[in-house]
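Structure first, commentary second.
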Amino acid sequence: SSGFRSLVVGVNTKVPLENGKHVTAINFDNAATTPPFVSVMREINKFAPWYSSIHRGTGYKSQLSSDIYEDSRKEVLDFVKADADYYTVIYVKNTTEAINKLSYRLYHNLKKGVILSTQMEHHSNDLPWRDKYCVRYLHTDRLGRISLKDLERKLRKYRGRVKLVALTGVSNVTGYINPIYQAAALAHKYKARILVDGAQLVPHCPVEMKQVGSPENIDFLVFSAHKMYAPFGVGVIIGPKKYFKKGGPEYMGGGTVKLVTLNKVIWDDAPHKEEAGTVNLMGVVALLAAMRTIKNIGIDQINRFERSLTDYALEKMRRIPDLKIYGDAENTGDKVGIIPFNIKGIPHQVVAQVLSQEGGIAVRNGCFCAQPYIQKLLCLSRNDIKRYIKDTQMLRPGMVRISFGLYNHFSEIDTLENMLRYIVENKEELIQKYQSMQAES
Ligand code: PMP
7 SSGFRSLVVG VNTKVPLENG KHVTAINFDN AATTPPFVSV MREINKFAPW
57 YSSIHRGTGY KSQLSSDIYE DSRKEVLDFV KADADYYTVI YVKNTTEAIN
107 KLSYRLYHNL KKGVILSTQM EHHSNDLPWR DKYCVRYLHT DRLGRISLKD
157 LERKLRKYRG RVKLVALTGV SNVTGYINPI YQAAALAHKY KARILVDGAQ
207 LVPHCPVEMK QVGSPENIDF LVFSAHKMYA PFGVGVIIGP KKYFKKGGPE
257 YMGGGTVKLV TLNKVIWDDA PHKEEAGTVN LMGVVALLAA MRTIKNIGID
307 QINRFERSLT DYALEKMRRI PDLKIYGDAE NTGDKVGIIP FNIKGIPHQV
357 VAQVLSQEGG IAVRNGCFCA QPYIQKLLCL SRNDIKRYIK DTQMLRPGMV
407 RISFGLYNHF SEIDTLENML RYIVENKEEL IQKYQSMQAE S
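Adding 6 to a residue's 1-based position in the sequence shown gives its number in UniProt numbering.
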């Protein structure tokens with residue numbers, strides 16, 4: 007099907023190659039950011055004439071803007087079937103800010119305790135926990151998967167001390183879909199809460215918070231608009247209202263208070279207490295439009311289509327000599343359209359450069375903000391890691407990652423296959439060419 011192609015902007019953009027020719031850009035870096043939907047851009051234009059300051063204005067437009075902004079929270083909750091009596095929605099700027107805010111906010115509720123995270127987390131769901139809590143990590147196996155057995159073992163080992171299981175819904179490196187509902191049930195059995203990093207999950211898989219009080223209930227969910235076909239600048243926290251009651255805000259100022267005198271402050275309730283300053287109304291309008299479009303297409307259909315793209319790509323890539331796919335190259339388990347790989351004998355930096363400059367194909371290379379996971383998947387030794395710590399300037403090991411969005415197409419994967427075969431057949435020349443180009447620049 008090419009039915010989804012016309013849903014996003016920019017699919018026919020031509021980009022220059024290194025030889026001066028122009029080709030239609032291929033974007034296989036959707037795990038980083040997706041292009042906006044046409045419907046999102048239309049909604050932004052439609053709303054622009056009504057755009058005004060919110061919460062504190064009395065004009066008609068200002069009232070309308072405030073209503074749209076406040077009503078949007080209900081629609082976000084509906085999107086993940088969350089109970090509006092129990093949960094609140096807090097808008098932040100991205101998933102990273104969402105988790106940092108939670109690590110700050112939950113400190114008042116959870117006190118010092120153990121946070122169970124995993125070796126596959128994006129840095130954004132690892133580093134914010136490190137300085138305030140004792141973090142322990144679930145291991146990943148040879149293929150990069152975590153196990154529920156390991157989760158239960160650690161919940162038992164730190165019994166009573168684990169306050170939160172901080173787990174990604176989908177790995178941004180291997181694309182694995184984690185069993186979040188089973189993990190939630192285990193966490194609750196041991197009186198811990200669960201946070202799901204939904205940055206890679208929400209745009210590609212169905213997600214539900216599940217019934218409050220049920221074992222599978224997800225306590226906290228965070229995600230970013232810019233990975234789900236809306237522009238940059240909006241992230242979402244969904245969490246129980248009761249966790250946002252205690253404590254003053256992280257950022258203080260306009261919009262966070264009920265009353266201020268020269269020597270007394272009464273803070274407002276969440277979500278307002280957590281959204282200091284003038285908010286990103288246009289970003290929220292865009293997020294709503296993106297969610298509606300995803301709902302109209304059907305997330306199951308998106309998931310199925312992206313899976314067929316992934317199967318098609320893996321089938322082709324497995325047959326290319328010297329190409330190593332990390333994680334589950336057979337695509338047997340639950341996985342979204344993310345494929346990390348390397349080509350033997352050629353640095354990942356060069357592969358990524360050739361794909362871009364000679365094929366017009368955008369990918370990502372490096373460690374994808376998940377360095378411990380990459381170190382594990384690459385089987386690096388302790389000594390290797392020590393060397394990197396000593397010399398932060400050295401060329402790091404890493405991988406090349408392709409990641410699909412719903413608008414990608416099988417023919418784009420054919421182009422990728424041709425480029426990869428060309429790279430394999432011309433390794434030496436390409437290394438020379440691109441390393442000398444790097445030296446010149
Ligand atoms: N978690 C995961 C799993 C991600 O893939 C990303 C983005 N690469 C983030 C968190 C951070 O998202 P953002 O950059 O929007 O803060």
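Yeah, the Cβ is synthetic: ideal placement off N, Cα and C, and Gly gets one too.
Assuming residue i is part of the beta strand (DSSP E), what are its boundary residues?
i         : result
Ser220    : Element bounds for Ser220: n/a, residue is neither H nor E.
residue 6 : The question about residue 6 has no answer here: the residues shown for the chain are numbered 7 through 447.
Relative to the alpha-carbon of residue i, which residue among the options has its alpha-carbon at the smallest distance?
i           : options                           : result
Tyr249      : Lys163, Met405, Lys392 and Tyr92  : Tyr92
Pro132      : Thr102, Phe416, Arg402 and Glu24  : Here the sequence assigns Asp to residue 132, which means Pro is not the residue at that position. Ranking Thr102, Phe416, Arg402 and Glu24 by Cα distance to Asp132 puts Thr102 first.
Arg313      : Lys330, Asp340, Ala295 and Leu287 : Asp340
His210      : Gly343, Ile244, Asn414 and Asn51  : Gly343
Cys196      : Tyr182, Asn432 and Val171         : Checking the sequence, you will find Tyr at residue 196 rather than Cys. When each option's Cα is compared against that of Tyr196, the closest is Val171.
Phe226      : Glu214, Phe311, Leu144 and Ile367 : Glu214
Gln441      : Gln355, Thr267 and Lys392         : Gln355
Ala143      : Gly365, Leu426, Leu154 and Gln125 : At residue 143 the sequence reads Tyr, which differs from the Ala that was named. Of the listed residues, the one whose Cα sits closest to Tyr143 is Gln125.
His61       : Pro212, Glu24, Asn286 and Pro42   : Asn286
residue 475 : Thr146, Gly304, Asn414 and Ser109 : The shown model of the chain, from 7 to 447, leaves out residue 475, and the question about it has no answer.
Ala205      : Pro403, Cys385, Asn36 and Ile367  : Asn36
Leu154      : Asp203, Ala191, Glu336 and Tyr113 : Ala191
Leu13       : Glu435, Leu412, Met425 and Gln438 : Leu412
Lys247      : Ser72, Ala31 and Ala88            : Ala88
Leu426      : Leu294, Gln359 and Arg199         : Gln359
Gly260      : Arg388, Ile429, Lys52 and Ser59   : Ser59
residue 449 : Leu116, Ala104 and Phe238         : Since the first and last residues shown for the chain are 7 and 447, residue 449 lies out of range.
residue 3   : Met323, Glu336 and Lys107         : An answer regarding residue 3 cannot be provided, because it is not within the stretch 7 to 447 covered by the chain.
Gly333      : Thr180, Ser71 and Ile50           : Thr180
Val228      : Arg79, Ala282 and Leu201          : Leu201
Asn348      : Pro221, Asp328 and Gly365         : Asp328
Arg136      : Ile224, Arg148, Ser123 and Phe85  : Ser123
Ala276      : Asn389, Val95, Lys138 and Gly351  : Val95
Report the three-state DSSP secondary structure of residue i (helix, strand or coil).
i      : result
Thr124 : strand
Lys87  : coil
Val141 : strand
His129 : helix
Ala368 : strand
Lys160 : helix
Ile326 : coil
Leu265 : strand
Val15  : coil
Ile272 : strand
Ile437 : helix
Following the continuous alpha helix (DSSP H) through residue i, name the residue where it begins and the one where it ends.
i           : result
Pro22       : From DSSP, Pro22 is part of no alpha helix (DSSP H) but of the beta strand (DSSP E) over Lys20 to Pro22.
Ala172      : Run containing Ala172: none in the alpha helix (DSSP H); it sits in the beta strand (DSSP E), Val168 to Thr174.
Arg407      : Unbroken run through Arg407 is the beta strand (DSSP E), Met405 to Ser409; no alpha helix (DSSP H).
Thr299      : Leu287 to Ile303
Lys118      : Taken as a continuous stretch (DSSP letters only), Lys118 belongs to no alpha helix (DSSP H), as it is neither H nor E.
residue 450 : The chain is shown only over 7 to 447; residue 450 falls outside these bounds and no answer can be derived.
Tyr332      : That residue, Tyr332, is in no alpha helix (DSSP H); it is neither H nor E in DSSP.
Leu422      : Phe416 to Glu431
Tyr379      : Gln377 to Leu383
Lys396      : Arg388 to Lys396
Legend entry - Ranges of the beta strand (DSSP E) found wholly within the segment 89 to 116, counting only runs of at least 3: Complete beta strand (DSSP E) runs here, min 3: 93 to 98.
Inset, instruction - Write down every uninterrupted run of the alpha helix (DSSP H) in the segment 180 to 260 whose length is 4 residues or greater and which is fully enclosed by it, in chain order. - result: Fully enclosed alpha helix (DSSP H) runs of 4 or longer: 186 to 195.
Inset, instruction - Quick one: which unbroken beta strand (DSSP E) runs of 3-plus residues sit fully inside the segment 27 to 68? Chain order, please. - result: Runs of the beta strand (DSSP E) inside the segment 27 to 68: 28 to 30.
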